[in-house]
Amino acid sequence: MATTAAPDTQLTAQRGWYKRNEIAITPWLFLLPAMLFFAVYVIIPIAQSFWISFHEWDGLGEKTWVGTANYERLLGWGDQNMDRKFETSFWNNLKWLVLYLLAIPAGLFIALFLNQTVRGIRLYKSLFFFPFVISQVVVGLVFSWFYLPREGLLNAILGFFGAGPVNILGDPTLATYGIIAAGLWPQTAYCMILYLTGLNAVDPEQVEAARLDGAKGWKMLWYVILPQLKPATFIAFVVTIIGALRSFDLISVMTNGGPFGSTRVLSFYMFEESLSEFGFRMGYGAAIAVVLFFIMLGFIVYFLWSMYQEEKGAR
Amino acid sequence: MFPTPLEKRPRSAQITYQAFLPLALIIWLLPLIAVANFSIKPEADFVNGNYWGIPSSFEAFSNYGKVFFESNMPRYLWNSLLITVPTVIGAVALSCMAGFALGVYKFKGNLLIFFIFIAGNFVPFQILMVPVRDLTVSLNLYDTKLGLVLFHVAFQTGFCTLFMRNFIRALPFPLIEAARVEGVSEWRIFVFVVLPLMKPALAALAVLIFTFIWNDYFWAIVLTQGPDAQPVTAGITEFNSQFRAAYHLMSAGSIVAALPPVIMFFLMQKHFIAGLTLGAVK
Numbered sequence: 001m002a003t004t005a006a007p008d009t010q011l012t013a014q015r016g017w018y019k020r021n022e023i024a025i026t027p028w029l030f031l032l033p034a035m036l037f038f039a040v041y042v043i044i045p046i047a048q049s050f051w052i053s054f055h056e057w058d059g060l061g062e063k064t065w066v067g068t069a070n071y072e073r074l075l076g077w078g079d080q081n082m083d084r085k086f087e088t089s090f091w092n093n094l095k096w097l098v099l100y101l102l103a104i105p106a107g108l109f110i111a112l113f114l115n116q117t118v119r120g121i122r123l124y125k126s127l128f129f130f131p132f133v134i135s136q137v138v139v140g141l142v143f144s145w146f147y148l149p150r151e152g153l154l155n156a157i158l159g160f161f162g163a164g165p166v167n168i169l170g171d172p173t174l175a176t177y178g179i180i181a182a183g184l185w186p187q188t189a190y191c192m193i194l195y196l197t198g199l200n201a202v203d204p205e206q207v208e209a210a211r212l213d214g215a216k217g218w219k220m221l222w223y224v225i226l227p228q229l230k231p232a233t234f235i236a237f238v239v240t241i242i243g244a245l246r247s248f249d250l251i252s253v254m255t256n257g258g259p260f261g262s263t264r265v266l267s268f269y270m271f272e273e274s275l276s277e278f279g280f281r282m283g284y285g286a287a288i289a290v291v292l293f294f295i296m297l298g299f300i301v302y303f304l305w306s307m308y309q310e311e312k313g314a315r
Numbered sequence: 316m317f318p319t320p321l322e323k324r325p326r327s328a329q330i331t332y333q334a335f336l337p338l339a340l341i342i343w344l345l346p347l348i349a350v351a352n353f354s355i356k357p358e359a360d361f362v363n364g365n366y367w368g369i370p371s372s373f374e375a376f377s378n379y380g381k382v383f384f385e386s387n388m389p390r391y392l393w394n395s396l397l398i399t400v401p402t403v404i405g406a407v408a409l410s411c412m413a414g415f416a417l418g419v420y421k422f423k424g425n426l427l428i429f430f431i432f433i434a435g436n437f438v439p440f441q442i443l444m445v446p447v448r449d450l451t452v453s454l455n456l457y458d459t460k461l462g463l464v465l466f467h468v469a470f471q472t473g474f475c476t477l478f479m480r481n482f483i484r485a486l487p488f489p490l491i492e493a494a495r496v497e498g499v500s501e502w503r504i505f506v507f508v509v510l511p512l513m514k515p516a517l518a519a520l521a522v523l524i525f526t527f528i529w530n531d532y533f534w535a536i537v538l539t540q541g542p543d544a545q546p547v548t549a550g551i552t553e554f555n556s557q558f559r560a561a562y563h564l565m566s567a568g569s570i571v572a573a574l575p576p577v578i579m580f581f582l583m584q585k586h587f588i589a590g591l592t593l594g595a596v597k
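Keeping their order, the protein sequence lines are chains S and G.
Taking my numbering, the leading residue of the first sequence gets 1, the next gets one more, and so forth.
Taking my numbering, the leading residue of the second sequence gets 316, the next gets one more, and so forth.
This is the structure in structure tokens:
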């Protein structure tokens with residue numbers, strides 16, 4: 001540290017200017033690389049996607065300006081009908097959103113079940129958690145084999161109880177639910193770990209006091225424990241919503257959108273339109289992405305607003 | 316503690332719990348156990364209809380041997396490693412610096428920049444897909460590991476910066492002030508005062524990003540094709556078409572593809588969980 005403590009008098013004028021403004025300039029120098037990367041790969045592409053969505057483009061040649069034609073076709077404005085594939089995708093997205101939230105109570109339930117101190121409980125907790133660590137591609141494969149009509153374990157179990165065999169992923173009415181169930185498996189594990197860490201921080205004195213007042217079971221959980229788990233619930237909510245709207249890997253691996261396109265969601269449909277054997281319709285794909293972005297934006301604004309309230313409280 | 320600790324419950328409840336615990340675990344991991352069981356079966360079992368029973372002979376060595384010696388799997392695994400490790404280093408380095416700037420200094424736009432990083436991190440991938448692919452193609456980086464690494468570094472920086480900034484905020488600020496009074500220059504404060512205190516955050520982020528990137532599938536199929544650059548998550552589909560309907564080999568391949576993050580998790584569990592809870596839940 002001795003070198004920097006040397007007297008400023010020997011420094012050149014320019015060095016002196018930097019020294020005088022060091023505290024103002026340093027943060028920007030530290031921010032520069034991250035901001036540069038983030039702008040080039042995230043911020044600017046968002047704007048470009050908006051721009052592309054007003055064009056017809058095959059990804060190689062010239063873009064042709066078509067105004068809002070892509071959106072008109074997608075949403076069925078004017079005398080057109082709404083794009084059927086878009087409609088299916090949108091409703092499936094809603095199903096994902098609603099059903100994916102089941103991961104939160106399920107995770108809480110498992111966390112409460114595991115929140116004991118018996119021998120080997122640490123290992124149990126990690127083993128319960130570890131579906132989350134596995135890649136979604138493998139989760140998808142594992143579940144598609146689990147669901148196999150002939151070889152799958154699910155039908156073996158159903159058969160044991162006398163229920164008929166079902167081909168979940170081959171049935172247009174069931175396939176989406178089958179995929180969501182597969183997605184809930186790692187997501188529940190994630191929520192569980194959030195709640196387990198949250199439960200560690202629950203104030204034991206409050207619990208004791210409530211117990212002396214005769215609170216137990218559901219009442220205790222609802223009025224004493226859950227309020228203290230609020231930070232965990234918030235994060236669980238954020239990651240579950242984001243996860244539900246990002247669902248792509250499982251669909252791509254398990255059904256590739258089928259049967260008869262019944263399992264498409266917006267993220268998958270967008271990919272299909274812009275980069276698949278059906279052709280490179282980048283403009284139309286970008287329009288779908290923009291719609292998805294606006295759905296997500298509602299949630300993002302809510303998350304940021306909550307975080308902002310907290311920041312203000314911290315100051 | 317909630318629910319009531321077992322020690323305070325009757326003996327019968329304790330025994331029921333102890334017995335139910337392994338059972339619940341087996342039910343929870345059933346799909347995975349079935350696949351693990353698939354992967355050590357001989358092919359004959361599938362022909363004979365012995366799908367989920369006990370394997371008629373133990374074929375783990377020959378099945379996993381095929382994965383490693385008769386397919387492109389080792390190449391894909393190697394690619395995954397060459398994509399994941401540089402991304403971890405890059406994203407952690409960039410976000411350390413950004414987190415330091417946002418966590419320590421008060422300046423106009425601080426909170427705005429911080430919130431842009433968070434917001435960008437929540438965005439759906441699809442809105443980035445077309446422009447990022449276009450950019451990668453025009454940089455001549457399509458179907459290269461570097462193209463994938465650059466994007467991953469940029470995108471993960473959002474999440475990492477959120478994490479780092481909050482971690483640095485929680486550090487004792489007087490330490491930094493004391494160093495300033497001593498006349499220590501700002502970048503030296505970063506290197507010698509802040510960085511050593513950030514070791515737990517660095518470890519947490521490193522394992523977390525490792526898992527995220529290793530498990531990425533979407534960008535792998537958007538920005539690469541073929542065994543030259545594709546990571547194992549994308550490669551597994553090629554592997555599966557090579558061994559179509561050979562469930563014993565496909566499941567062995569999937570287990571191999573899934574294993575590295577699992578090992579990472581069990582080795583660095585404490586850090587991993589600290590990272591997942593975003594440091595917000597302690």
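We put the beta carbon where it would ideally sit given N, CA and C, even for glycine.
Cβ-Cβ distances below 6 Å link T472 (chain G) to A406, L409 and S410 in the same chain, with the five nearest sequence neighbours on each side left out; the list follows chain order.
For chain G, the residues of the segment 242-265 of chain S that bring a beta carbon within less than 7 Å of one of its beta carbons are I242, L245, R246, F248 and D249, in chain order. For A210 (chain S), the uninterrupted alpha helix (DSSP H) segment begins and ends at P204 to L212.
Listed in chain order, the positions of the segment 164-176 of chain S with a beta carbon within less than 8 Å of a beta carbon of chain G would be empty, since no residue qualifies. For T64 (chain S), the three-state secondary structure derived from DSSP is strand. Of the residues assessed, E374 (chain G) falls on the buried side of the cut-off, its CB having 16 or more other CB atoms within 10 angstroms.
At least 8 Å separates the CB of Y223 (chain S) from every CB of chain G. Pairing G550 (chain G) with Y147 (chain S), the inter-Cα distance amounts to about 23 Å. Between the alpha carbons of A210 (chain S) and Y195 (chain S) lies a distance of about 20 Å. Under the DSSP assignment, D360 (chain G) falls in the alpha helix (DSSP H) whose first and last residues are E358 to V362.
If you look at V419 (chain G), you'll find it in the alpha helix (DSSP H) that goes M388 to V419. Going by C-alpha positions, L229 (chain S) is about 35 Å away from A572 (chain G). When Cβ-Cβ separations below 8 Å define contact, L275 (chain S) makes contact with chain G.
With respect to P576 (chain G), V133 (chain S) sits close: the two C-beta atoms are nearer than 8 Å.
Contiguous beta strand (DSSP E) elements confined to the segment 481-545 of chain G do not occur, taking only those with 3 or more residues.
If you draw a straight line from the Cα of P318 (chain G) to the Cα of N115 (chain S), it is about 7 Å long. By the Cβ test, the segment 348-365 of chain G is in contact with the segment 559-573 of chain G, since at least three Cβ pairs between them sit closer than 8 Å. Beta-bridge analysis with DSSP links E322 (chain G) to no other residue.
DSSP places E22 (chain S) in the helix class (H, G or I) of the three-state scheme.
Inter-segment contact for the segment 233-250 of chain S and the segment 179-187 of chain S is present: three or more beta-carbon pairs are separated by less than 8 Å.
The three-state reading of DSSP puts E56 (chain S) in strand, counting E and B together. Nearest to F38 (chain S) by alpha-carbon distance, out of G:T592, G:V468 and G:G541, is G:V468. Taking 8 Å as the cut-off, the Cβ atoms of N394 (chain G) and P370 (chain G) do not count as close. Taking each of G:W343, G:Y332, G:P401 and G:W367 in turn and checking the Cα distance to F525 (chain G), the smallest one comes out for G:P401. Contact with chain G is found for A34 (chain S), since one of that chain's Cβ atoms lies less than 8 Å from the residue's Cβ. Within the segment 388-412 of chain G, L409, S410 and M412 place their CB atoms closer than 7 Å to a CB of chain S, listed in sequence order. For the options S:F260, S:T68, S:I52 and S:A69, the alpha carbon positioned closest to that of G61 (chain S) is the one of S:I52.
Under the 10 Å beta carbon count, R326 (chain G) is surrounded by fewer than 16 other beta carbons and is classified as exposed. F294 (chain S) has its alpha-carbon roughly 22 Å from the corresponding atom of V537 (chain G). Annotation for P546 (chain G): N394, S395, I398 and A535 place their beta carbon closer than 6 Å to its own, counting only its chain and skipping 5 residues before and after. Contact annotation for G285 (chain S) against chain G: V445 [CB-CB distance below 7 Å, chain order]. Closest in C-alpha terms to A519 (chain G), from the list G:L591, G:P320, G:A434 and G:L426, comes G:L591.
Annotated three-state conformation of S274 (chain S) is helix, per DSSP. Within chain G, the residues placing a beta-carbon under 9 Å from that of I46 (chain S) are G435, V438, I442, L443 and P446, ordered along the chain. Secondary structure of Q584 (chain G) (DSSP, three-state): helix.
Put simply, the segment 251-263 of chain S does not touch the segment 104-118 of chain S. Fewer than three CB pairs are less than 8 Å apart.
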